[in-house]
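> The structure's right below; bear with me while I get my questions together.
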Amino acid sequence: MKLLLIFIVASVVSIQADVQLDEEHAKRVSNHREVCLKKFNVDPVLLEKARKGDFSDNSDFRKHVFCVSQQIGYIDDSGKVVHDVFKTKVSEVLNGKAEEMMNTCLSKSEDPIELAVATTKCFYDVFHLVIL
């Protein structure tokens, strides 16, 4: 059952995104989501809406986005972007678009949660990449 759920999530991510995540990356993202879902009581409706570009101002949702960003590794514990990790992770998936994504999507916000939310929303808005 869990494998079926991972496959469905991977399929949805691939269908919704211009970026095709391979099975390995889809599984990693799914694992990151699971870790963060255990930490924050996020309404599944809010996550579903975010997967369609409608990002909520709900506190638990925003903390979840920050958590996923940390789990992926491009935001450290202090809330700062780890540029080399970001570039490496994006290059694995976007073949040559890492610089473009960094220049376009990395928020300049000093607030770690806002940085994660704005960056994740940009992933969706500009590159049609869903990581939630």
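Counted the way mature numbering (1 follows the signal peptide of the UniProt record, and there is no 0) counts, the sequence shown spans residues -17 to -1, 1 to 115. Ideal Cβ positions, reconstructed from N, Cα and C, are used throughout, including at glycine.
#1: Excluding the five sequence neighbours on either side, which residues of its own chain have a C-beta within less than 8 Å of the C-beta of A(-1), listed in chain order?
#2: Since I believe V100 is in contact with F23 (beta carbons under 8 Å), could you give me their beta-carbon distance rounded to a whole number of angstroms?
#3: If you draw a straight line from the alpha carbon of K104 to that of S74, how long is it in whole angstroms?
#4: Rounded to the nearest angstrom, what separates L30 and R16 at their Cα positions?
#5: Could you check the C-alpha separation between S52 and L115 for me, to the nearest Å?
#6: Is V18 buried or exposed, if buried means 16 or more other CB atoms sit within 10 Å of its CB?
#7: Beta-carbon within less than 7 Å of V25's beta-carbon, same chain only, minus the 5 sequence neighbours each way: which residues are those?
#8: Can you check the stretch 33 to 89 for any alpha helix (DSSP H) of at least 4 residues that lies completely inside it and give the ranges in chain order?
#9: Closest to residue 161 by C-alpha separation, out of K21, D94, E93, L77, would be which residue?
#10: Locate the alpha helix (DSSP H) running through D108, then write down its first and last residues.
#11: Would DSSP call V28 helix, strand or coil?
In terms of the structure at hand:
#1: The count along the sequence shown starts at 1 and reaches residue -1 at position 17. Low confidence applies here, because A(-1) scores a pLDDT of 42, under 50, leaving its location unreliable; read the following figure in that light. Here the set comprises F110, H111, L112, V113.
#2: The sequence position of residue 23 within the sequence shown is 40, counting from 1. The sequence position of residue 100 within the sequence shown is 117, counting from 1. Not really, about 13 Å apart at Cβ, beyond 8 Å.
#3: As a position in the sequence shown, residue 104 is number 121, starting the count at 1. As a position in the sequence shown, residue 74 is number 91, starting the count at 1. Approximately 19 Å between the Cα atoms of the pair.
#4: Position 47 of the sequence shown holds residue 30. Position 33 of the sequence shown holds residue 16. Going by the C-alpha atoms only, they are around 10 Å apart.
#5: The residue given as residue 52 occupies position 69 in the sequence shown. The residue given as residue 115 occupies position 132 in the sequence shown. One C-alpha to the other measures close to 10 Å.
#6: The residue labelled residue 18 in the question sits at position 35 within the sequence shown. Exposed is the call here.
#7: As a working note, residue 25 is residue 42 in the sequence shown. Cβ within range, chain order: D43, F44, H47.
#8: 42 to 55, 66 to 77, 81 to 88
#9: The first residue shown for the chain is -17 and the last is 115, placing residue 161 beyond what the model contains.
#10: If you number the sequence shown from 1, residue 108 lands on position 125. Its alpha helix (DSSP H) spans residues 95 to 110.
#11: Stepping through the sequence shown from its first residue, residue 28 is reached at position 45. Note: V28 maps to helix in three-state DSSP.
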